[in-house]
Amino acid sequence: MADTMQFDLVSPERRLASMKVNSVQIPGADGDMTAMEGHAPTITTLRPGILSVEGPEGGADYVVTGGFAEISSGGVSVLAERAVPKGDMTQEHLDEMIEEAQQTYTKAKEAFENEPGPVDDAAKLLSDMVAIGDEIGLSSKQPNL
Amino acid sequence: MPSLKDLKIRIESVKSTRKITKAMQMVAAAKLRRAQEAAEMSRPYAERFNAVMARLAASVGGSDSAPKLLSGTGSDQTHLLVVMTSERGLCGGFNTNIVKKAKTHAQELLASGKTVKILTVGKKGRDQLRRDYGDHLVGHVDLTDVKRISYADAQGIAKDILGRFDEGEFDVATIFYSDFVNVVSQVPQAKQIIPASYDEEDQDESGSTLFDYEPSEEEILADLLPRGVATAIFSGLLENAASEQGARMSAMDNATRNAGEMIEDLTIEFNRSRQAVITNELIEIISGAEAL
Numbered sequence: 000m001a002d003t004m005q006f007d008l009v010s011p012e013r014r015l016a017s018m019k020v021n022s023v024q025i026p027g028a029d030g031d032m033t034a035m036e037g038h039a040p041t042i043t044t045l046r047p048g049i050l051s052v053e054g055p056e057g058g059a060d061y062v063v064t065g066g067f068a069e070i071s072s073g074g075v076s077v078l079a080e081r082a083v084p085k086g087d088m089t090q091e092h093l094d095e096m097i098e099e100a101q102q103t104y105t106k107a108k109e110a111f112e113n114e115p116g117p118v119d120d121a122a123k124l125l126s127d128m129v130a131i132g133d134e135i136g137l138s139s140k141q142p143n144l
Numbered sequence: 000m001p002s003l004k005d006l007k008i009r010i011e012s013v014k015s016t017r018k019i020t021k022a023m024q025m026v027a028a029a030k031l032r033r034a035q036e037a038a039e040m041s042r043p044y045a046e047r048f049n050a051v052m053a054r055l056a057a058s059v060g061g062s063d064s065a066p067k068l069l070s071g072t073g074s075d076q077t078h079l080l081v082v083m084t085s086e087r088g089l090c091g092g093f094n095t096n097i098v099k100k101a102k103t104h105a106q107e108l109l110a111s112g113k114t115v116k117i118l119t120v121g122k123k124g125r126d127q128l129r130r131d132y133g134d135h136l137v138g139h140v141d142l143t144d145v146k147r148i149s150y151a152d153a154q155g156i157a158k159d160i161l162g163r164f165d166e167g168e169f170d171v172a173t174i175f176y177s178d179f180v181n182v183v184s185q186v187p188q189a190k191q192i193i194p195a196s197y198d199e200e201d202q203d204e205s206g207s208t209l210f211d212y213e214p215s216e217e218e219i220l221a222d223l224l225p226r227g228v229a230t231a232i233f234s235g236l237l238e239n240a241a242s243e244q245g246a247r248m249s250a251m252d253n254a255t256r257n258a259g260e261m262i263e264d265l266t267i268e269f270n271r272s273r274q275a276v277i278t279n280e281l282i283e284i285i286s287g288a289e290a291l
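So the protein lines, in turn, are chains A and B.
Going by numbering that gives the first Met the number 0, the first residue of the first sequence is number 0, and it counts up by one from there.
Going by numbering that gives the first Met the number 0, the first residue of the second sequence is number 0, and it counts up by one from there.
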């Protein structure tokens, strides 16, 4: 059996998971990464996406948005502003998140008319949300980009 | 001397007051337990968050490119006081203590020629501050409809504050709330959230490890600082919720006890007057019989 490490997933409201795992796939802001025992110490921010965990007692998937992951010698801790087990994700929940991202995008578009930076960021956020919807098999409202 | 009937009415009314305060005490006790649990659940997040922020702040903080949320605007002329109180009264000195702390702070600032702006969260604080600092109030957040404080509420408040910061409305922001120590003791706190200060003491032994950052340290910091504001407000709100229920519980406990004492005194007085009336009647009958 492969080596295991400590994994913690905490949101501001509660601790969602704390267990021994083999690997964690993290949706990092600059791309997905998989952390295993002995990974170099890293801190990365998260983009909205699916965090999947492989452990000796099976795996688990979580939908996370915003926050960061800290990979250290002691294990991986993920601090997400919003984290929901994939199975508990409902259509309403997704709609709500997409709606929120859509608003951010619309606002960014108005506020920074000639600066592509923030607008692109918001557009990316929105498409990340939609991608989550596709990934877990919920129909997402088509974004208005 | 009140009549027998008056006394009886008084006793009944105090008895029903006691019932109400007793019920409120029990409700507060139940709510307190839940509020305490919520506060405990939020602790791991806040601790980890602060540890990472302390590390980031230590490595980036010194440079000129440090974000304004960390290094400040370079001036401390305008202060925003975020006063977080409860929406309901009948919780002893809870609100008054927080407001008192905020008022002292505001006075000091005004005395040294600074501009003070006040944002209130919770109706009770606004009501108390309106008289003396009505001109300084710039906004109010209403949480009356919120049964259970969620992170989204804190985010909403943080967004409001950050929006004002971006507009250049203030340079320094401080939040006022009450720390929950135990049921009888809640300590009002003032905590500066902008520019943020992260204590080095939160760092654990991994503080010496060199971390890779993805994206760069600066970008991570810029992404996390606004979240730090929300996190600080969230823990403040949770501490407040627990403190409020704790304060209410002990206030209602006192009220129940006082009502009990009052009932005892009134009952003794009632019995005495009743005895006096009976004695009086007997004397009248006997003297009437003797006169015959």
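Glycine is no exception: its CB is placed at the ideal position from the N, C-alpha and C atoms.
**Study point:** Min CB distance T103(B) to chain A below 8 angstroms
**Key:** Using a CB distance cut-off of 8 angstroms, T103(B) does not count as an interface residue toward chain A.
Check your understanding: Over what stretch of residues does the alpha helix (DSSP H) that includes G235(B) continue unbroken?
Key -> According to the DSSP assignment, G235(B) belongs to the alpha helix (DSSP H) that extends over 216-290.
Review point. Is there a Cβ from chain A that is less than 8 angstroms from the Cβ of T255(B)?
Key: The C-beta of T255(B) comes no closer than 8 angstroms to any C-beta of chain A.
Check your understanding: Got a sec: is the Cβ-Cβ distance from S272(B) to anything in chain A below 8 angstroms?
Key -> Proximity of S272(B) to chain A, defined by a Cβ-Cβ separation below 8 angstroms, is not satisfied.
Review point. Looking at C-alpha atoms only, which residue of I232(B), I192(B), R247(B), G91(B) is the closest neighbour of K67(B)?
Key: For the residues I232(B), I192(B), R247(B), G91(B), the minimum Cα distance to K67(B) belongs to I192(B).
Point to revise | Residues, ordered as in the chain, of the segment 38-59 of chain A that lie near chain B by beta-carbon distance below 7 angstroms | key: Hits within the stretch, in order: A39, P40, T41, I42, T43, T44.
Point to revise | Exposure of I282(B), with buried meaning 16 or more beta-carbon neighbours within 10 Å | key: Within a 10 Å sphere around the beta-carbon of I282(B) sit fewer than 16 other beta-carbons, which makes this residue exposed.
Check your understanding: Thinking just about the alpha-carbon of each residue, which of M96(A), I135(A), A110(A) is nearest to the one in L125(A)?
Key -> For the residues M96(A), I135(A), A110(A), the minimum Cα distance to L125(A) belongs to M96(A).
Check your understanding: By a C-beta neighbour count over all protein chains shown, 10 Å radius and 16 as the cutoff for buried, is D29(A) buried or exposed?
Key -> In summary, D29(A) is exposed, with fewer than 16 beta-carbon neighbours lying within 10 Å of its beta-carbon over all protein chains present.
Point to revise | Residues that S41(B) contacts on chain A, provided the C-beta gap is smaller than 7 angstroms | key: Those are P11, E12, listed as they occur along chain A.
Exercise for review: Using a cut-off of 7 angstroms between C-beta atoms, extract the partners of D211(B) located in chain D.
Suggested key: Given the protein chain composition of this structure (A and B), no chain D is represented.
Check your understanding: Taking just the CA atoms, how far does P26(A) sit from D201(B)?
Key -> For D201(B), the predicted model reports a pLDDT of 45, less than 50, meaning its position is unreliable and no value from the coordinates is stated.
Check your understanding: With a CB to CB cut of under 6 angstroms and the five nearest residues on each side skipped, what residues in its chain are close to M261(B)?
Key -> Short of 6 angstroms from the beta carbon of M261(B), and not among the five residues preceding or following it, lie these beta carbons of its own chain, in chain order: V13.
Check your understanding: Taking Cβ-Cβ distances shorter than 7 angstroms, what residues in chain B pair up with L78(A)?
Key -> Within 7 angstroms Cβ-Cβ: Y44, R47, F48.
Exercise for review: Using three-state DSSP, classify L209(B) as helix, strand or coil.
Suggested key: Correct three-state label for L209(B): coil.
Review point. Measuring CB to CB, does L118(B) end up less than 8 angstroms from L142(B)?
Key: Not closer than 8 angstroms, so no.
Practice item. Less than 8 angstroms between the CB atoms is what I'm expecting for D131(B) and K102(B), so what's the real figure, rounded? Key: The beta-carbon distance between D131(B) and K102(B), rounded to whole angstroms, is 7 angstroms. This is short enough to meet the 8 angstroms contact definition.
Check your understanding: Considering only residues of the same chain and omitting the five flanking positions on each side of E243(B), which have a CB-CB separation below 6 angstroms?
Key -> Only S85, C90, F93 meet the Cβ criterion.
Check your understanding: Where does M88(A) land, buried or exposed, given buried means 16+ other C-beta within 10 angstroms?
Key -> Buried, because 16 or more other Cβ atoms sit within 10 Å of the Cβ of M88(A).
**Study point:** Contact under 8 angstroms by Cβ, Q90(A) with L137(A)
**Key:** For the pair Q90(A) and L137(A), the CB atoms are nearer than the 8 angstroms cut-off.
Check your understanding: When you compare each of E217(B), A157(B), E268(B), H104(B) to V228(B) by their alpha carbons, which one comes out closest?
Key -> Cα-wise, what sits closest to V228(B) is A157(B).
Practice item. May I have the straight-line CA-CA distance separating A100(A) from M248(B), to the nearest angstrom? Key: Roughly 42 angstroms between the two C-alpha positions.
Exercise for review: Pull up the distance between the alpha-carbon of M18(A) and that of G88(B), whole angstroms please.
Suggested key: For M18(A) and G88(B), the distance between alpha carbons rounds to 43 angstroms.
Check your understanding: Looking at C-alpha atoms only, which residue of E69(A), V75(A), P11(A) is the closest neighbour of A38(B)?
Key -> When each option's Cα is compared against that of A38(B), the closest is P11(A).
Point to revise | Closer than 7 angstroms at the beta carbon, the chain A residues around D342(B) | key: The structure shown does not extend to residue 342(B), since chain B is modelled only from 0 to 291, so the question has no answer here.
Review point. What is the C-beta distance between F48(B) and L78(A), in whole angstroms, given that I count them as a contact (C-beta under 8 angstroms)?
Key: Their Cβ separation, rounded to whole angstroms, is 6 angstroms, which keeps F48(B) and L78(A) in contact under 8 angstroms.
Check your understanding: Can you name, in chain order, every residue of its own chain whose Cβ lies under 6 angstroms from the Cβ of S74(B), other than the five neighbours on each side?
Key -> Only residues of its own chain outside the window of five on either side were considered, and among them D170 have a CB closer than 6 angstroms to the CB of S74(B), listed in chain order.
Review point. Can you find a C-beta in chain B that's less than 8 angstroms from the C-beta of F67(A)?
Key: Among the CB atoms of chain B, one or more fall inside 8 angstroms of the CB of F67(A).
Exercise for review: Step through the CB atoms of chain B and report whether any lies within less than 8 angstroms of the CB of G132(A).
Suggested key: Taking Cβ atoms only, chain B never reaches closer than 8 angstroms to G132(A), which makes this a no.
Check your understanding: If we cut at 8 angstroms on Cβ distances, does Y197(B) have a partner in chain A?
Key -> With 8 angstroms as the cut-off, Y197(B) does not count as an interface residue toward chain A.
**Study point:** Proximal residues to A241(B) (C-beta, below 7 angstroms), its chain only, five neighbours per side dropped
**Key:** Taking C-beta separations shorter than 7 angstroms and ignoring five residues to either side along the sequence, the partners of A241(B) in its chain run L31, A34, Q35, A38, F179, following chain order.
Exercise for review: Leaving out five residues on either side along the sequence, give the residues of the same chain with a beta carbon under 6 angstroms from the beta carbon of A59(A).
Suggested key: If we look at A59(A) and ignore the five residues flanking it on each side, its Cβ neighbours are V52.
Point to revise | F179(B): contacting residues in chain A (beta-carbon distance under 7 angstroms) | key: Within 7 angstroms Cβ-Cβ: nothing; F179(B) doesn't reach chain A, min ~17 angstroms.
Exercise for review: Would you check if the distance between the CB atom of V33(A) and the CB atom of I70(A) is smaller than 8 angstroms?
Suggested key: Note on residue identity: the sequence assigns Thr, not Val, to residue 33(A). Result no, Cβ atoms of T33(A) and I70(A) do not sit closer than 8 angstroms.
Review point. In its own chain, which residues sit with a C-beta less than 7 angstroms from the C-beta of L224(B), not counting the 5 before and 5 after it?
Key: Excluding the 5 residues flanking it on each side, L224(B) has same chain C-beta neighbours closer than 7 angstroms at P66, L68, L69, A195, in chain order.
Practice item. Inspect the beta-carbon positions of Y150(B) and M52(B) and report whether they are closer than 8 angstroms. Key: No, the Cβ-Cβ distance between Y150(B) and M52(B) is not below 8 angstroms.
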